[in-house]
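These notes concern the structure reproduced below.
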Amino acid sequence: VLTNMNQPLGHEVGNANEVKEAIQVLKNQGAEDETEVALTIASYMAILGGAYKEFSVAYADLKKKLESGEAINKFRELVKIQGGDPEIIDNFDKLPQAKYHIEIKAGQAGYIEEINAEQIGIAAMQLGAGRQTKEDAIDFAAGVTLVKKVGAEVRPDDVICILHTNKENWQLAEKTAKDAYKISDVRSKEESYVYDVIS
773 VLTNMNQPLG HEVGNANEVK EAIQVLKNQG AEDETEVALT IASYMAILGG
823 AYKEFSVAYA DLKKKLESGE AINKFRELVK IQGGDPEIID NFDKLPQAKY
873 HIEIKAGQAG YIEEINAEQI GIAAMQLGAG RQTKEDAIDF AAGVTLVKKV
923 GAEVRPDDVI CILHTNKENW QLAEKTAKDA YKISDVRSKE ESYVYDVIS
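Just so we're aligned: the sequence shown equals residues 773 to 971 in our numbering.
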């Protein structure tokens, strides 16, 4: 599945952040782009597994499973069977929490034209969500929340993203994340989340 990479998928980057967002998709409360990509991939997987023959039928049926609560209930069951704590599904405070939350503001008026996914990934790594060297420990609470996405109108004081970290030195990540955002005077046209499927 070839997807739009003019911005990161969904609103969350980082270990606990992405777990939370994946659960929100299963609750039918996920970001529109992430939900569409998840349903597309799940539909093709279900076809490969022999459960469906047509994509449109698979997609519609799986979407109904999200809307009815069947998907999140199955996930809850799987977590319990594997010895996990299913309470996390309804209480995200049980996930690792960061000590510092740094808001980054737009600094200018306009429209979000692009969010460089690689730069956001580097910022998350600088916050502790990934390793710069193999010896580095991963901070499961570290990451980035994308408050504003491509196409959003912003004012100078609007928060565009929030950094989460347990590190006291987060200034480099702040600059990296801020530089990832490209703000334009003109709203960019909406693009499809899924470009193509190669089979």
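Note that the Cβ used here is the ideal one computed from N, Cα and C, for glycine as well.
Rounded straight-line distance, which links the Cα of residue j to that of residue i
i	j	result
Ala949	Ile932	10 Å
Lys835	Glu842	10 Å
Lys920	Asn800	20 Å
Gly782	Glu826	27 Å
Gln904	Asp833	42 Å
Asn941	Ile910	16 Å
Gln796	Lys906	31 Å
Val966	Asn776	6 Å
Val969	Leu774	6 Å
His873	Glu963	31 Å
Ala924	Ala901	26 Å
Glu890	Leu918	14 Å
Val922	Ser960	8 Å
Ser840	Val958	39 Å
Ser815	Gly822	11 Å
Asn845	Ser828	24 Å
Ser971	Leu820	10 Å
Gln943	Gly802	30 Å
Gly855	Asp908	28 Å
Glu804	Lys866	25 Å
Cβ shell of residue i (< 8 Å), same chain only, five flanking positions each side left out
i	result
Arg848	Pro858 and Ile861
Val851	Asp857, Pro858, Ile860 and Ile861
Lys877	Pro928, Asp929, Asp930, Val931 and Ile932
Leu798	Leu838, Ala843, Ile844 and Phe847
Proximity winner among the options, relative to residue i (alpha-carbon distances)
i	options	result
Glu806	Pro928, Gln779 and Gly822	Gln779
Glu875	Ala945, Asp957, Ser956 and Ala889	Ala945
Val927	Gly902, Gln880 and Asn863	Note on residue identity: the sequence assigns Arg, not Val, to residue 927. Checked all of Gly902, Gln880 and Asn863; the closest Cα to Arg927 is Gln880.
Phe864	Glu793, Ser956, Gly802 and Ser971	Glu793
Asp929	Lys947, Asp908 and Gly882	Gly882
Residues near residue i by beta carbon distance below 6 Å, same chain, minus five either side
i	result
Gly824	Correcting the residue type first, residue 824 is Tyr in the shown sequence and not Gly. Here the set comprises Ala818 and Ala830.
Leu838	Asn800
Contacts around residue i, its chain only, beta-carbon distance under 7 Å, and the 5 residues preceding and following it disregarded
i	result
Tyr953	Ile884, Ile887 and Ile932
Ile892	Pro780, Val785, Val916, Ala949 and Ala952
Ala913	Ala788, Pro868, Gln869, Ala870, His936 and Asn938
Ser956	Gly882, Tyr883 and Glu885
Near the ligand SAM: residue i beta-carbon under 8 Å from a heavy atom
i	result
Ala895	The ligand SAM is absent from the structure shown, which contains no ligands of any kind.
With contact counted as at least three CB pairs below 8 Å, one residue from each stretch, are the segment 807–824 and the segment 922–938 in contact?
-> With the cut-off at 8 Å, the segment 807–824 and the segment 922–938 do not touch.
Stretch pair the segment 777–796 + the segment 889–899: three plus CB contacts closer than 8 Å | These segments touch.
Complete runs of the beta strand (DSSP E) confined to the segment 833–921 [at least 3 residues] | Listed in chain order, they are 872–877, 882–887 and 915–918.
Within the segment 776–810, ranges of the beta strand (DSSP E) (whole runs, at least 3 residues) = Entirely contained in the segment 776–810, not one beta strand (DSSP E) run reaches 3 residues.
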